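Using the working numbering, the letters of the sequence shown map in sequence onto residues 32 to 213.
Virtual Cβ for every residue (Gly too), placed ideally from N, Cα, C.
Bear in mind the structure is a predicted one, so any value in this text is a computation, not a measurement.
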Amino acid sequence: MDVVLQQLPALLGVVIGALGSYLALVRSDQARFRREEAARWEERRLAVYSDYARSVKKTVTVTYRVAAALGCGTHPDPLTLDEAKPLLAEANEGRDPAGEALLMLGSVDVVEKARSWVVTAMEMERFVREGRQDTEAWQALLDRQRAGREGYYTAVREDLGLPPGHSARWRLPVTVPAPDQR
Numbered sequence: 032m033d034v035v036l037q038q039l040p041a042l043l044g045v046v047i048g049a050l051g052s053y054l055a056l057v058r059s060d061q062a063r064f065r066r067e068e069a070a071r072w073e074e075r076r077l078a079v080y081s082d083y084a085r086s087v088k089k090t091v092t093v094t095y096r097v098a099a100a101l102g103c104g105t106h107p108d109p110l111t112l113d114e115a116k117p118l119l120a121e122a123n124e125g126r127d128p129a130g131e132a133l134l135m136l137g138s139v140d141v142v143e144k145a146r147s148w149v150v151t152a153m154e155m156e157r158f159v160r161e162g163r164q165d166t167e168a169w170q171a172l173l174d175r176q177r178a179g180r181e182g183y184y185t186a187v188r189e190d191l192g193l194p195p196g197h198s199a200r201w202r203l204p205v206t207v208p209a210p211d212q213r
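Here's what the structure looks like:
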């Protein structure tokens, strides 16, 4: 019995060490799991944010093309409204599921900025469906759309913890037609 009592502190040290090792391993695994899970959700949110932006941009691009046909825009590939109607319908059909996913996974700020952007895109669509030829009104819609898109991307970057990005306002060189093309 005396030998057991002498070995008891060493035995307790081994048990406490093993228990401590086990607890440290469990905590480490839990922390790794939480980090991996957060990364998976962040990847899903990025995919949802990208899909939504792509779906809104489809509508915007088609309206650019129709506005060019109406004489309000400068898109190099103009479309008549009749040619554009199936493309607008397709864009709207794609935007609905992307919007639902955005509502489920998006932050409050991102969803609000997305709403602002898409409302302007819908106004652009209404503009071209009505066949309006008001260049100033179209330019105002373009400016609002660009600001809405920029606001959306800024909110997405903030939500995902990314650094600020480019405003996507490209300055295109002004081309002067050659004398024989005037």
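Range of the contiguous alpha helix (DSSP H) that encloses residue i
i      : result
GLU161 : GLU161 -> no alpha helix (DSSP H), and no H or E assigned at all.
THR111 : It is not in any alpha helix (DSSP H) - THR111 carries neither H nor E in the DSSP assignment.
LEU173 : 166 to 191
Rounded separation between residue i and residue j - CA only
i      : j      : result
VAL79  : LEU39  : 59 angstroms
SER52  : VAL35  : 25 angstroms
TYR83  : HIS197 : 19 angstroms
ASP167 : GLY137 : Note on identity: in this sequence residue 167 is Glu, with Asp being the wrong assignment. Cα to Cα, the separation comes out at about 34 angstroms.
ALA267 : PRO128 : Nothing can be reported for residue 267: it is not among the residues displayed for the chain, which extend from 32 to 213.
ARG188 : ALA120 : 29 angstroms
Residue nearest to residue i in terms of C-alpha spacing, selected from the options
i      : options                           : result
ASP113 : ARG160, ARG175 and ASP174         : ARG160
PRO107 : LYS116, TYR95 and PRO117          : TYR95
LYS89  : ASN123, ALA99, GLN61 and GLY44    : ASN123
ARG146 : ALA55, ALA178, GLY104 and LEU191  : ALA178
ARG180 : VAL141, LEU193, GLU156 and GLN164 : VAL141
ALA132 : VAL46, GLY44, ARG71 and ARG76     : ARG76
GLU154 : GLU73, GLN176 and GLU68           : GLN176
Proximity of residue i and residue j at Cβ, strictly below 9 angstroms
i      : j      : result
ARG126 : SER86  : yes
TRP169 : PHE158 : yes
GLY162 : LEU101 : yes
GLU73  : LEU172 : no
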